[in-house]
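Per the working numbering, the sequence shown runs over residues 238 to 422. Built from N, CA and C at the ideal position, the CB exists for glycine as well. Quantities reported herein were computed from a predicted structural model and do not represent experimental measurements. See below for the structure under consideration.
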Amino acid sequence: MTKHKLVLLAVACTWALGASAQWQWVDKDGRKVFSDRPPPAETPQANILQQPRGTSRTPAPAAPAAAAAQDGGAAVSQPAGAPSGQAAAPAPRPAGKDEALEKKKAEAEAAEAARKKAEAERVAKARADNCARARQAKATLNSGQLLSHTNAQGERGFMDDATRAAETQRADSVIASDCGPAAAR
């Protein structure tokens with residue numbers, strides 16, 4: 238059983254060797270930095286404490302962007318074997334707008350506007366329907382006819398004046414809320 242544990246420990250230690258492929262340097266503020274990427278180009282060679290075996294120092298990907306910002310956006314990259322006097326053509330800059338993204342954004346905005354319009358139409362239709370029902374109920378209540386209703390126990394009874402007044406008041410409140418202009422929500 239201990240042989241298996243020793244083999245397992247040996248395998249685990251060999252997996253850790255991949256972590257040794259790291260860069261280690263002292264930054265401009267004097268702090269130690271550990272990374273899997275090379276240090277920035279402005280870091281002097283004397284400040285690099287450790288680098289992976291078989292690698293040469295190449296500038297970090299952020300270095301060309303920093304140089305481009307210093308040159309006013311005219312970044313020029315050079316091939317590895319080219320002399321310092323020769324410069325390659327500048328990298329193409331992306332256009333200001335992405336046509337496909339703008340089209341998708343416009344479609345999404347149009348769909349959202351259509352959804353809002355459909356919702357507003359549905360609400361307006363429901364309000365108009367409620368208004369019509371409330372006006373019809375009020376006309377029926379004010380007609381003076383004998384009206385019946387069903388109470389909480391399911392028994393049929395006739396409306397007295399108090400119940401008629403309460404129902405008329407409820408119909409008036411529905412008319413006031415749904416028959417006027419739509420309230421701003």
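Which partner residues does residue 285 have in the DSSP bridge list?
As a working mapping, residue 285 is identified with position 48 in the sequence shown. BP columns for residue 285 point to 262.
Fill in: Per-residue DSSP class, three states only, for residue 269
Within the sequence shown, the letter at position 32 stands for residue 269. In the structure shown, residue 269 sits in a strand (DSSP, three-state: E or B).
- Item | Unbroken stretches of the beta strand (DSSP E), 3 residues or longer, contained in the stretch 377–421 | 385–387 and 393–395
**Item:** Closer than 8 Å to chain C by CB, residue 409
**Value:** This model lacks chain C altogether; it includes just one protein chain.
Going by Cα to Cα distance, which pick from 339, 283, 418 and 381 is closest to residue 364? As a working note, residue 364 is residue 127 in the sequence shown. Residue 364 has its Cα closest to that of 418, out of 339, 283, 418 and 381.
Original post:
What whole-angstrom Cβ distance do residue 286 and residue 261 have, given they're in contact under 8 Å?
Top reply: On the sequence shown, residue 286 is found 49 positions in, with the first residue counted as 1. On the sequence shown, residue 261 is found 24 positions in, with the first residue counted as 1. About 4 Å separates the two Cβ atoms, so the contact holds.
Exercise for the section: Below 6 Å CB to CB, which residues in the same chain sit around residue 198 once its five sequence neighbours on both sides are set aside? Expected result: Within the shown structure, residues of the chain are numbered from 238 to 422, placing residue 198 beyond reach of any answer.
* Asked: Cα separation between residue 251 and residue 245?
  -> Counting from 1 along the sequence shown, the entry for residue 251 is found at position 14. Counting from 1 along the sequence shown, the entry for residue 245 is found at position 8. Cα to Cα, residue 251 sits roughly 10 Å from residue 245.
Check your understanding: Between residue 354 and residue 337, what straight-line distance do the alpha-carbon atoms span, to the nearest angstrom?
Key -> Numbered from its first residue, the sequence shown carries residue 354 at position 117. Numbered from its first residue, the sequence shown carries residue 337 at position 100. The straight-line gap from Cα to Cα measures roughly 26 Å.
Leaving out five residues before and five after residue 371 in sequence, what residues of the same chain have Cβ atoms less than 6 Å from its Cβ? Residue mapping note: residue 371 aligns to position 134 of the sequence shown, counting from 1. Within the same chain, residue 371 has close Cβ partners 408, 411 and 412.
**Q.** Pairwise C-alpha distance: residue 377 and residue 383
**A.** For the purposes of this step, residue 383 is identified with residue 146 of the sequence shown, where counting begins at 1. For the purposes of this step, residue 377 is identified with residue 140 of the sequence shown, where counting begins at 1. If I take the Cα positions, the gap works out to 10 Å.
Q | Spatially closest choice to residue 402 from 367, 394 and 375, by CA coordinates | A | Indexing the sequence shown from 1 puts residue 402 at position 165. Taking only the C-alpha atoms, the option nearest residue 402 is 375.
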